[in-house]
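>
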Amino acid sequence: MAELSDQQRVWYLQKLVQQVTALTEWQNAKVVALTMAQDEELPTELLIQTALLQGKKVLLPKVRPNHKMDFIQVDEKTDYARHKFGMLEPIGEPFVNLDEIDFVLVPGLAFAEDGQRLGFGGGYYDRWLPKVNAPKVGVTLAANYFKRAQWPVEQTDYALDKIIVLDGYHE
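The numbering of the sequence shown is our numbering, which starts it at 19 and goes up by one.
#1: Identify every run of the beta strand (DSSP E) within the segment 40–117, keeping only runs that are complete inside it and at least 3 residues long; order them along the chain.
#2: Tell me whether the beta-carbon of Tyr176 lies closer than 8 Å to the beta-carbon of Tyr143.
#3: So the beta strand (DSSP E) Thr158 belongs to, where does it begin and stop?
#4: Between the segment 128–142 and the segment 67–77, do at least 3 Cβ pairs fall closer than 8 Å?
#5: Looking only at C-alpha atoms, which of Gly73, Phe121 and Arg82 sits nearest to Arg145?
#6: So, for Asn162: in the same chain, excluding its five sequence neighbours on each side, which residues have a beta-carbon less than 6 Å away from its beta-carbon?
#7: Assuming the contact rule is C-beta atoms closer than 8 Å, Leu123 and Val38 should be a hit. Round their C-beta distance to whole Å, please.
#8: Taking the beta strand (DSSP E) that Lys180 belongs to, which residues open and close that run?
#9: Sorted by chain position, which residues of the same chain lie with C-beta nearer than 8 Å to Lys74's C-beta, five sequence neighbours on each side aside?
#10: Given this structure, state the Cα-to-Cα distance separating Gln56 from Leu77, to the nearest angstrom.
#11: Mind checking Asp24: buried by the 16 CB within 10 Å criterion, or exposed?
#12: Kindly give me the distance between the Cβ atoms of Gly156 and Gly126, rounded to whole angstroms, as I take these residues to be in contact under 8 Å.
#13: Going by beta carbon distance, what residues of the same chain come within less than 7 Å of Leu116, once the five residues before and after it are set aside?
#14: Can you tell me where the beta strand (DSSP E) holding Phe121 begins and where it ends?
#15: Please go through the same chain and pick out, in chain order, the residues whose beta-carbon is closer than 7 Å to the beta-carbon of Asp88, but skip the five residues on each side of it.
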């Protein structure tokens, strides 16, 4: 993402929101677990705002010790703090009713056709995803989408249900 121009970033941001919100799984969801994008990932701010405007409960991740993760419900008034790894995290109490989650957007550096993803190496999502029965979706640029995983896949890696591949930017 760092190599993209501002115009390209805006285009991909809009494309991400269009494609995710067009999914039936998204449209039927009342509670969505999203992610705060890091520099290497597609920006998610507009999707978060769209979900809030659509009246959905929005949950964002907060990492805990021992490679664990919680999700915190957020709104326009939520405060955030920087984690030791530099990412923004919401301040608040963990959302404990995981069975209420209807949709999960899962981050990654790369994705494969069979749903495998290359994460950031901590295993946070691989530990958390099995706890949730909601559809798990990844979004990526075509350059980061592969027929087969180009990285080692561990037995503990959790495959996603759907990958959205954004078309290339055209000027």
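Glycine included, every Cβ here is placed at the ideal spot set by N, Cα and C.
As the structure is a prediction and not an experimental result, all values here were calculated from the model.
By the coordinates alone:
#1: With a minimum length of 3 residues, the continuous beta strand (DSSP E) runs that stay inside the segment 40–117 are 49–51, 75–82, 86–92, 98–100 and 106–108.
#2: Yes, the Cβ-Cβ distance between Tyr176 and Tyr143 is below 8 Å.
#3: Following the DSSP letters along the chain, one finds Thr158 inside the beta strand (DSSP E) bounded by residues Lys154 to Leu159.
#4: Counting Cβ pairs under 8 Å, fewer than three are found: no touch.
#5: Put simply, of Gly73, Phe121 and Arg82 the residue whose alpha carbon is nearest the alpha carbon of Arg145 is Arg82.
#6: Excluding sequence neighbours, Asn162 sits near Ala128.
#7: Yes, Leu123 and Val38 are in contact; Cβ-Cβ is about 7 Å, under 8 Å.
#8: Residues Lys180 to Leu184.
#9: If the five residues before and after Lys74 are omitted, its C-beta is found closer than 8 Å to the C-beta atoms of Ala47, Lys48, Val49 and Val50, all from its own chain and listed in chain order.
#10: So the alpha carbons of these two residues sit roughly 16 Å apart.
#11: With fewer than 16 other Cβ atoms within 10 Å, it is exposed.
#12: About 5 Å separates the two Cβ atoms, so the contact holds.
#13: Closer than 7 Å at the Cβ level, and outside the excluded window around Leu116, lie Lys149 and Val150.
#14: First-last of the beta strand (DSSP E) with Phe121: Phe121 to Leu123.
#15: Cβ neighbours of Asp88 beyond the five flanking positions: Lys80, Arg82 and Pro112.
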